[in-house]
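Under the working numbering, the residues of the sequence shown are numbered 5 to 213, in order. The C-beta atom is built at its ideal place from N, Cα and C for all residues, glycine as well.
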Amino acid sequence: MSPTHILTAAHCVAHMSSWDVSRLTVELGMHVLKPSSDAQVSKKVRRVTRHKGFDSRTLYNDIAILTMESPVFFTSTISPVCLPPEGSNDQYTNKDAAVIGWGALKEGGSQPTVLQQVTVQVITNDKCKSSYGSDAPGGIVDHMLCAAYPGKDSCSGDSGGPLLVQSSPGSPWIQAGIVSWGIGCAQAKYPGVYARVTSFMNWIGKNTV
5 MSPTHILTAA
15 HCVAHMSSWD
25 VSRLTVELGM
35 HVLKPSSDAQ
45 VSKKVRRVTR
55 HKGFDSRTLY
65 NDIAILTMES
75 PVFFTSTISP
85 VCLPPEGSND
95 QYTNKDAAVI
105 GWGALKEGGS
115 QPTVLQQVTV
125 QVITNDKCKS
135 SYGSDAPGGI
145 VDHMLCAAYP
155 GKDSCSGDSG
165 GPLLVQSSPG
175 SPWIQAGIVS
185 WGIGCAQAKY
195 PGVYARVTSF
205 MNWIGKNTV
């Protein structure tokens with residue numbers, strides 16, 4: 005993906021009007037959210053592309069692309085996250101994965117002021133289906149990815165953020181998922197559910213040219 009595009013969740017932008025999009029910005033190199041942003045670069049968003057198959061009830065196809073008005077130049081505080089290799093069908097099963105965001109630190113908790121990171125582990129979709137049972141609104145489907153770790157999870161406010169993996173220590177970060185949904189936060193029965201990026205590579209390619 006060129007440095008003018010960012011992946012996010014479709015449900016985060018589902019109700020945006022053209023007026024909302026015209027006021028939307030991407031803040032880069034940011035570490036502190038409140039009381040004042042320390043973003044290094046601010047970019048206006050030129051276009052929001054939401055997957056046409058997005059379903060707000062089941063959260064199927066929960067992916068969107070933010071296209072910024074100009075390219076991003078990388079610095080010591082702003083660096084890229086890579087897409088999975090073209091043609092990859094890596095399931096990332098049992099891989100440690102990092103989630104980064106300003107979401108609540110616990111279910112029902114307050115929002116932090118400093119960017120947080122948590123490490124979870126990718127599990128199989130079969131295990132995820134078994135855990136959720138009939139509680140998943142549309143079931144756990146192939147284009148979803150689940151990750152969990154005792155006492156750790158993404159939470160409210162992390163939606164649309166990245167789930168990142170590395171093939172080996174020191175290698176480039178790859179975006180394996182996009183924070184999508186879950187029941188509660190860090191509940192043993194309910195892993196975090198993410199949009200599986202490898203399932204959308206053709207769609208991403210068609211919408212970032």
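- With a 10 Å radius around the Cβ and a threshold of 16 neighbouring Cβ atoms, V118 comes out exposed.
- In the structure shown, D139 adopts helical secondary structure according to DSSP, grouped into three states.
- A contact is defined here as three or more CB-CB pairs under 8 Å, and the stretch 168-181 fails this definition with respect to the stretch 130-140.
- In the displayed model, T12 falls within a strand according to three-state DSSP.
- Note: M148 is bridge-paired with A199 in the DSSP secondary-structure output.
- Y153 is bridged by DSSP to K156.
- S184: member of the beta strand (DSSP E) spanning 177-185, first to last residue.
- Ranked by Cα distance from F58, the options H35, P176, I127, A18 are led by A18.
- Secondary structure note for G105: its beta strand (DSSP E) is the uninterrupted segment 100-105.
- Here V25 carries a helix assignment [DSSP, helix/strand/coil].
- The stretch 95-111 makes no contact with the stretch 65-77; the number of CB pairs closer than 8 Å stays below 3.
- Nearest Cα to E111 within the set V85, Q121, S160, S83: S160.
- With fewer than 16 other CB atoms across the displayed protein chains lying within 10 angstroms of its CB, T79 is exposed.
- Counting along the chain, no alpha helix (DSSP H) covers M72; the unbroken beta strand (DSSP E) around it starts and ends at 68-72.
- As a beta-bridge residue in DSSP terms, T123 pairs with A102.
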